[in-house]
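Engineer:
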Amino acid sequence: MALRINLYHEIQLARKQQRYDPLKISMICLGFAILCLAGWYVVRYAETNTVREQYAANQAELAKITPQSEKAKIDEAELTKTIQLSSALTKRIEGRFYWAPVMEIIGRVIPRNVQVARLSGDLATTETSRRVGMSIEGVAAGEHPRKVAEDIRLALIDAFGQKFTGVTASFRSLDDGTDRVKLDGVDVGTVLYSISLSFAITGADDATNSPKTAKQ
Amino acid sequence: MTLNKVHQQKIMLGTMLMFGIIYATNEFLLSPLANDRASLKDEMVKSEPLFREIRGQIARTRGLEIDGPLASATIAQVNAMIPEGAAIAWGPPKIAEFFKSNGVDKATARMTNEIPEKELVGYRRLVWVIEIPNVDFVPFANALAKFENTEPLFECTGFEVQASREQTGSQRVILNVQNLIKL
């Protein structure tokens, strides 16, 4: 039987050791790690680039809209001024007090046996409210002239109360007249009356009183 | 396989090299990128309120631009109602003419005061006294109604109607009127 002796075992061992050289293995590992790190860097770099692009786009948009904003700010001030002026003008025009309906009420309420010698009215405007004060003076004739004058006062309250708020009407004076007049052929007495009438004006009153053509 | 001293040294060297590379990569490549990214994001977050403000400003102005032309038209319409020239020159003839064309003769107007308008910048208020010496109540009331309807820049602030002693049914009227004019 032949004796088999491996004369190359040392060479083989050296080759094996060379193949599994820890430095070589660690270099391969290192290379792999560097590759991973490079990949990771590329990913992060791409992410950063995306953020940079977003930032650049933001800055570009900012540079684009900033002048627009400056112009808008100037325009806004100008437009606000115009709109406020227009609104104030409209408010002033639409908020006017109309005396024609007042005249109409007076003409309707005063009966033919009552004479108005003096009629006056004033519009008092404060920052918070507007109020009308009126004075009606004249002669009332009738079988019971004081009652005629009182009826007028009540009729005024009733008629103005339908259109305005805070209506008050009181006699400033009510004196028996010296003259007697003929009314429908009957000799009747007279009184000299002076009625003070006042009422408040609200926005709603103005709206209901204002004629349709007021907006012309 | 057993590791001899040389092998151990090589492994140690490799490990150290790897840590060194990881450290260098992190310190000199990844960290600056991360810092860059964070600062850019931070800048963008910080600029968001500015963007909101700017966009809000533009949107507000666009909103006003819708009402603007209407407001300008209203102002132009009001201005067109104010005649050119001094009010003292055109006011009395205009008022007299108006009442005359509505059946009320001899209306005379005189300016008594001039008040600056605080609310209406660029405008002022003139106070007029209109005197009508002899008029019937109903034609006067009709003329006043028409005056109030057709002259939106005028407002009657007071009046006095006094019955005439000489002529029954006739009255003397004093009207206090204010109107708006441009500065």
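Protein sequence lines correspond, in order, to chains A and B. To convert, take the position in the first sequence, counting from 1, and add 2; that gives our numbering. To convert, take the position in the second sequence, counting from 1, and add 1328; that gives our numbering. Positions of the beta carbon are idealized from the N, C-alpha and C atoms, including for glycine. All values reported here derive from a predicted model rather than from experimental measurement.
Report all residues from its chain with a CB closer than 6 Å to the CB of T1485 of chain B; omit the five preceding and five following residues, and keep chain order.
Structural biologist: N1504 and Q1506
Engineer: Would you call the segment 1481-1495 of chain B and the segment 117-136 of chain A in contact, with 3 or more CB pairs under 8 Å?
Structural biologist: yes
Engineer: Quick check on the DSSP output: the alpha helix (DSSP H) that includes D23 of chain A runs from which residue to which?
Structural biologist: First-last for D23 of chain A: undefined, no H or E at that position.
Engineer: Could you tell me the boundaries of the alpha helix (DSSP H) in which G1486 of chain B lies?
Structural biologist: Note, G1486 of chain B: premise wrong, no alpha helix (DSSP H); beta strand (DSSP E) at F1482 to A1491.
Engineer: Can we say the segment 42-54 of chain A touches the segment 1347-1367 of chain B, given the rule of at least three CB pairs closer than 8 Å?
Structural biologist: yes
Engineer: Consider the Cβ of M1439 of chain B: report whether some Cβ of chain A lies at a distance smaller than 9 Å.
Structural biologist: Not closer than 9 Å to any Cβ of chain A, the Cβ of M1439 of chain B fails to qualify, so no.
Engineer: Quick one: what does DSSP say K165 of chain A is sitting in, helix, strand or coil?
Structural biologist: coil
Engineer: Under DSSP, the alpha helix (DSSP H) around M105 of chain A begins and ends at which residues?
Structural biologist: A102 to V111
Engineer: What residues from chain B crowd round G109 of chain A, counting only those whose CB sits closer than 8 Å?
Structural biologist: Neighbours of G109 of chain A on chain B, chain order: F1465, V1466 and A1469.
Engineer: With DSSP as the reference, identify every bridge partner of N1507 of chain B, one or two as the case may be.
Structural biologist: B:L1454 and B:F1482
Engineer: Out of A:G168, A:L87 and A:A157, which one is the CA nearest neighbour of P113 of chain A?
Structural biologist: A:A157
Engineer: Comparing alpha-carbon positions, which option in A:R110, A:G140, A:E145 and A:K165 lies nearest V1 of chain A?
Structural biologist: In the structure displayed, chain A extends from 3 to 218; residue 1 of chain A sits before or after that span and is not available.
Engineer: Mind pulling the chain A residues with CB within less than 8 Å of Q1385 of chain B?
Structural biologist: S71, A74, K75 and E78, listed in chain order.
Engineer: Is it right to say Y174 of chain A is buried, meaning 16 or more other beta carbons lie within 10 angstroms of its own, or is it exposed?
Structural biologist: Here residue 174 of chain A is Arg; the residue named in the question, Tyr, does not match the sequence. So R174 of chain A ends up on the exposed side.
Engineer: Which residues in the same chain as L1341 of chain B place their Cβ atom closer than 7 Å to its Cβ, once the five residues preceding and following it in sequence are excluded?
Structural biologist: none
Engineer: Within the continuous beta strand (DSSP E) that includes G144 of chain A, where are the two ends?
Structural biologist: R132 to G144
Engineer: Determine the DSSP secondary structure at N51 of chain A, reduced to helix, strand or coil.
Structural biologist: Correct three-state label for N51 of chain A: helix.
Engineer: Distance check for F1465 of chain B and A1471 of chain B, CA to CA, integer angstroms please.
Structural biologist: 10 Å
Engineer: What would DSSP say about V44 of chain A, mapped onto helix, strand or coil?
Structural biologist: helix
Engineer: Does T50 of chain A come within less than 9 Å of chain B when only Cβ atoms are used?
Structural biologist: yes
Engineer: Identify each residue in the segment 78-106 of chain A for which the Cβ-Cβ distance to at least one residue of chain B is less than 8 Å, and report them in chain order.
Structural biologist: E78, L81, T82, K83, T84, I85, L87, S88, S89, A90, L91, T92, R94, I95, R98, F99, Y100, W101, A102, M105 and E106
Engineer: For a test of the three-state rule: what should DSSP assign to E72 of chain A, helix, strand or coil?
Structural biologist: helix
Engineer: What does the alpha-carbon distance come out to for the pair Q1499 of chain B and I1423 of chain B?
Structural biologist: 19 Å
Engineer: Would you say the segment 86-103 of chain A touches the segment 1410-1417 of chain B, given that touching needs at least three Cβ pairs under 8 Å?
Structural biologist: no
Engineer: Residues in the segment 168-195 of chain A with C-beta within 9 Å of chain B's C-beta atoms, listed in sequence order?
Structural biologist: none
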